[in-house]
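Enquirer:
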Amino acid sequence: MHLQELPDESDETPMFGGHGTRSDGSQPTGPVEWFSHLVVGVTNLDRSEAWYRDVIGLDVLGRGLLAEERPHAVLQMNTGQLLVLVENEKIAASKGGVHHGLMLTPNQYRRAYERLQKLGHKIEDSREQFRAHGEYSIDIEDPDGHRYQIQCHGPEAERIMPGAGIVDCGSAAKYHVGDVRAFKTGNFHLVRLKEGFLAVSKWCTHMNGVVIYQKVHWQFWCPFHGATYDRRGLPDPFMGNRAGGPLRLHPITFGPEGNVLVNTDEVISRTEYDTAQAVQPLDVAFASAPVLA
Ligand code: FES
1 MHLQELPDES
11 DETPMFGGHG
21 TRSDGSQPTG
31 PVEWFSHLVV
41 GVTNLDRSEA
51 WYRDVIGLDV
61 LGRGLLAEER
71 PHAVLQMNTG
81 QLLVLVENEK
91 IAASKGGVHH
101 GLMLTPNQYR
111 RAYERLQKLG
121 HKIEDSREQF
131 RAHGEYSIDI
141 EDPDGHRYQI
151 QCHGPEAERI
161 MPGAGIVDCG
171 SAAKYHVGDV
181 RAFKTGNFHL
191 VRLKEGFLAV
201 SKWCTHMNGV
211 VIYQKVHWQF
221 WCPFHGATYD
231 RRGLPDPFMG
241 NRAGGPLRLH
251 PITFGPEGNV
261 LVNTDEVISR
271 TEYDTAQAVQ
281 PLDVAFASAP
291 VLA
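1 is the number of the first residue of the sequence shown in my numbering; add one for each residue after it.
1) Let me confirm a value: residue 217 is counted as buried when at least 16 other C-beta atoms fall within 10 Å, else exposed. Which label applies?
2) Please work out which residues of its chain come closer than 7 Å, Cβ to Cβ, to residue 312, disregarding the five sequence neighbours upstream and downstream, and give them in chain order.
3) Let me know if residue 182 comes out buried or exposed under the rule of 16 or more other beta-carbons within 10 Å of its beta-carbon.
4) Which residue's Cα is closest to the Cα of residue 167: 68, 260 and 67?
5) So for residue 221, helix, strand or coil by DSSP?
6) Is residue 151 buried or exposed, if buried means 16 or more other CB atoms sit within 10 Å of its CB?
7) If the criterion is Cβ atoms closer than 7 Å, does the pair residue 233 and residue 223 meet it?
8) Return the first residue and the last residue of the alpha helix (DSSP H) that residue 48 is part of.
9) Strictly by DSSP, which residues pair up with residue 168?
10) Identify every residue that forms a DSSP beta bridge with residue 228.
11) Going along the chain, which residues of its own chain have a beta-carbon closer than 8 Å to the beta-carbon of residue 156, five neighbours each way excluded?
12) Less than 6 Å separating the Cβ of residue 242 from some heavy atom of the ligand FES?
13) Compute the Euclidean distance between the alpha carbons of residue 100 and residue 165, then round it to the nearest angstrom.
14) Between the alpha carbons of residue 68 and residue 52, how many angstroms are there, rounded?
15) For residue 152, is the beta carbon positioned less than 6 Å from some heavy atom of the ligand FES?
16) Would you say residue 209 touches the ligand FES, meaning its beta carbon is less than 6 Å from a heavy atom?
17) Once DSSP output is grouped into helix, strand and coil, what is the label at residue 276?
18) DSSP three-state label for residue 192, please.
19) Quick one: Cα of residue 78 to Cα of residue 264, how far?
20) Measuring straight from C-alpha to C-alpha, what distance separates residue 138 and residue 238?
21) What are the boundary residues of the beta strand (DSSP E) that residue 108 is part of?
22) When you measure from the CB of residue 224 to every non-hydrogen atom of the ligand FES, does any distance come out below 6 Å?
As structure tokens, this is what we get:
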């Protein structure tokens, strides 16, 4: 919701999928690269045609244009795709979990939001509390109750979040190999690996959700869209992981008493893990510390 936080930008390139990029990381370029038409069942063709025309802003191409026996109307989006409304006596509306998601640019989203507001539509976000930073979304329903989710990603989704200065994590000698300790101040986890310490940022590289450590799985998990990372902060390469790369790190130094000091004001982005990223204090006790996992 929070439209007022959405900054101005001039990108008007439409996007054609919920969270999508091609497997090589590039964006689709053509209007029908991902889908050519969507068929929606309606109970009153006149009413629905008027709604999709006046509320969503689609162009009506005409009635009965397809080899479809039931009464139907064909409408077109400004990105080329067609919407086919087919009249049925009874339909199962896609309420609840099933919905159609439309990913817009921030400017398109702002315009859609203001238009719906002006038309007096009830604007809701059924999952507002689950949104990551920079994830804007509203839900609307057509006259038959088909749910549409209108979304965009603002620039905050990729912003580096502010730190909290130097955080003292206590004596290095108290951490065992395998330990992962969460720090609220500065939003990071301190991880003790065999080769040293990592201060792993909690901000998910997908859209700045906050990851949590799942001890039983030995992994970090982002509750916003389910990205998972191992204890080194590397994303799981399988299962449609949405992570945009490894979790970021903060530099570590050691105080005169052997305490681990994490500089949360500095952020290290990386593309892979290298053992040189793990930091060790220069003492013998560290090398012989007990191993838990
Ligand atoms: S913010 Fe989307 S998976 Fe973390």
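Cβ atoms here follow ideal geometry from the backbone N, Cα and C, with glycine treated the same way.
Keep in mind the model is a prediction, meaning the values are calculated, not measured.
Expert: From the atom records:
1) Here residue 217 refers to the residue found at position 217 of the sequence shown. Exposed, by the Cβ-count rule.
2) Given a span of 1 to 293 for the chain in the structure shown, any question on residue 312 remains unanswerable.
3) The residue labelled residue 182 in the question sits at position 182 within the sequence shown. Answer is exposed; the Cβ neighbour count stays below 16.
4) Counting from 1 along the sequence shown, the entry for residue 167 is found at position 167. Per the Cα distances, 260.
5) As a working note, residue 221 is residue 221 in the sequence shown. Three-state result, residue 221: strand.
6) If you number the sequence shown from 1, residue 151 lands on position 151. With 16 or more other Cβ atoms within 10 Å, it is buried.
7) Position 233 of the sequence shown, counted from the first residue, corresponds to residue 233. Position 223 of the sequence shown, counted from the first residue, corresponds to residue 223. Cβ atoms of residue 233 and residue 223: not closer than 7 Å.
8) Taking the first residue of the sequence shown as 1, we reach residue 48 at position 48. Where residue 48 is concerned, the enclosing alpha helix (DSSP H) stretches over 45-51.
9) Walking along the sequence shown from the start, residue 168 turns up at place 168. Residue 168 pairs with 261.
10) Your numbering for residue 228 matches position 228 in the sequence shown. The partner list for residue 228 (beta bridge, DSSP) reads 221.
11) To locate residue 156, count along the sequence shown from 1; it is residue 156. So the list reads 5, 133, 134 and 208, once near-sequence residues are dropped.
12) Residue mapping note: residue 242 aligns to position 242 of the sequence shown, counting from 1. Indeed, a heavy atom of the ligand FES lies less than 6 Å from the Cβ.
13) Reading the sequence shown from its first residue, position 100 is the one you call residue 100. Reading the sequence shown from its first residue, position 165 is the one you call residue 165. Their backbone Cα atoms lie some 43 Å apart in a straight line.
14) In the sequence shown, residue 68 corresponds to position 68, counting from 1. In the sequence shown, residue 52 corresponds to position 52, counting from 1. Rounded to the nearest angstrom, the two C-alpha atoms are 20 Å apart.
15) By one-based count along the sequence shown, residue 152 stands at place 152. Checking the Cβ of residue 152 against the ligand FES gives no.
16) In the sequence shown, counting from the first residue as 1, residue 209 sits at position 209. At least one heavy atom of the ligand FES is nearer than 6 Å to the Cβ of residue 209, so yes.
17) The residue given as residue 276 occupies position 276 in the sequence shown. Looking at residue 276 - three-state DSSP - the assignment turns out to be helix.
18) Position 192 of the sequence shown holds residue 192. Strand.
19) Working through the sequence shown from its first residue, we reach residue 78 at position 78. Working through the sequence shown from its first residue, we reach residue 264 at position 264. Their Cα atoms are separated by approximately 45 Å.
20) Here residue 138 corresponds to residue number 138 of the sequence shown, with the count starting at 1. Here residue 238 corresponds to residue number 238 of the sequence shown, with the count starting at 1. Looking at the two C-alpha atoms, the distance is approximately 29 Å.
21) Position 108 of the sequence shown, counted from the start, is the residue given in the question as residue 108. Counting along the chain, residue 108 falls outside any beta strand (DSSP E), though it belongs to the alpha helix (DSSP H) covering 106-118.
22) As a first step, residue 224 is located in the sequence shown; it is residue number 224 there, counting from the start. Answer for residue 224: yes, Cβ within range of the ligand FES.
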